[in-house]
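Written out below as structure tokens is the structure these notes cover.
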Amino acid sequence: MRPKEFSVPMGIVVLIVISILAIGYNNKLTKENSLPPTDPNQQDLTQSTLHPAVQGVPQTPDIPVQMAPQTQSTIPTQVPLKAAPTRFRDPLIVTFSGTITAAHEIVDQGGMTHMFIQNDMGLEQEISVAPAWYLVFIGCPLATGTYVDGKGFVFDRMDGDASIYAKKIRLATGVCRFRNDEGFALWSDRLR
Numbered sequence: 094m095r096p097k098e099f100s101v102p103m104g105i106v107v108l109i110v111i112s113i114l115a116i117g118y119n120n121k122l123t124k125e126n127s128l129p130p131t132d133p134n135q136q137d138l139t140q141s142t143l144h145p146a147v148q149g150v151p152q153t154p155d156i157p158v159q160m161a162p163q164t165q166s167t168i169p170t171q172v173p174l175k176a177a178p179t180r181f182r183d184p185l186i187v188t189f190s191g192t193i194t195a196a197h198e199i200v201d202q203g204g205m206t207h208m209f210i211q212n213d214m215g216l217e218q219e220i221s222v223a224p225a226w227y228l229v230f231i232g233c234p235l236a237t238g239t240y241v242d243g244k245g246f247v248f249d250r251m252d253g254d255a256s257i258y259a260k261k262i263r264l265a266t267g268v269c270r271f272r273n274d275e276g277f278a279l280w281s282d283r284l285r
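Throughout, my numbering is defined as the position within the sequence shown, counted from one, plus 93.
What follows is the structure, encoded as structure tokens:
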């Protein structure tokens with residue numbers, strides 16, 4: 094029985110040769126940088142120690158490296174703190190019911206319609222509903238003497254007499270929706 098022959102793939106041989114060449118070249122650079130020749134006409138002895146394949150290959154000239162001058166940093170060491178953004182609080186949801194005593198379009202507020210209702214206890218409430226064109230568009234007539242009930246939002250919790258903004262109202266003819274669950278108006282571009 095013959096012993097197995099040991100064979101090395103050609104790629105590994107090439108890798109070993111390149112590694113040896115690189116080590117030799119690095120040694121040459123180290124020697125050149127540490128011991129400068131005293132005589133400019135003196136032959137470089139390290140050239141003869143290199144592998145025959147790289148002997149005679151012109152070497153790159155030494156390029157002087159200049160360091161940038163050290164300056165004081167212009168970056169502040171402390172960044173000023175900014176005020177934290179105010180967290181959005183969900184609006185207060187209220188219910189209302191009663192008979193419509195009046196409905197007015199307020200031109201100063203872009204044609205917003207406000208209705209006044211009188212509840213079962215005789216108290217009157219003002220409720221901001223929607224622009225008049227939107228009421229016509231969705232078919233939601235607000236006629237005096239009509240009984241309504243619904244839900245709305247109060248955005249200003251600090252004001253005891255804050256406006257109520259209708260989310261939806263129920264009439265005898267059906268339910269009219271004006272705002273989404275977050276209080277954004279259904280007629281605005283924010284929802285498109």
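Every residue gets a Cβ at the ideal spot worked out from N, C-alpha and C, and that includes glycine. The model shown is predicted, which means the values in this text are computed figures rather than measured ones.
Query: From what residue to what residue does the beta strand (DSSP E) around VAL200 run?; Result: Careful: VAL200 lies outside any beta strand (DSSP E) and carries neither H nor E.
Query: Does the Cβ of GLY245 have 16 or more other Cβ atoms within 10 Å, making it buried, or fewer, making it exposed?; Result: buried
Query: Looking at the strands, I want to know which residues DSSP matches up with ALA259.; Result: GLY245
Query: Relative to the C-alpha of LEU235, which candidate in ILE257, HIS207 and GLN218 has its C-alpha closest?; Result: HIS207
Query: Which residues bound the alpha helix (DSSP H) around ALA278?; Result: ALA278 -> no alpha helix (DSSP H), and no H or E assigned at all.
Query: Would you call the segment 211–218 and the segment 258–271 touching, i.e. three or more CB-CB distances under 8 Å?; Result: no
Query: Checking 8 Å against the spacing of the C-beta atoms, do ALA223 and TRP280 come in under that value?; Result: yes
Query: Please state if the CB of PHE189 and the CB of GLY243 are separated by a distance shorter than 8 Å.; Result: yes
Query: Can you look up PHE189 in the DSSP assignment and give me helix, strand or coil?; Result: strand
Query: Which residues in the same chain have their Cβ closer than 8 Å to the Cβ of ILE199, if we skip the five residues on either side of it in sequence?; Result: MET205, THR206 and HIS207
Query: I think VAL247 touches PRO184, with their Cβ atoms under 8 Å apart; what is that distance to the nearest whole Å?; Result: 6 Å
Query: Please identify the residue among ARG182, ILE113, PHE271 and ILE186 whose C-alpha is closest to the C-alpha of VAL229.; Result: PHE271
Query: Which first and last residues belong to the beta strand (DSSP E) in which PHE209 is found?; Result: 205–211
Query: Give a yes or no on whether the C-beta atoms belonging to GLY191 and GLN211 are separated by under 8 Å.; Result: yes
Query: Taking the C-alpha atoms as reference points, what is the distance between SER221 and SER256?; Result: 7 Å
Query: Find the nearest neighbour of GLU219 within the set ILE109, ILE111, ALA259 and ASN273, judged by alpha-carbon distance.; Result: ALA259
Query: My assumption, with CB atoms under 8 Å, is that ILE186 sits in contact with VAL241. Please give the rounded CB distance.; Result: Contact flag wrong, Cβ pair sits at about 17 Å.
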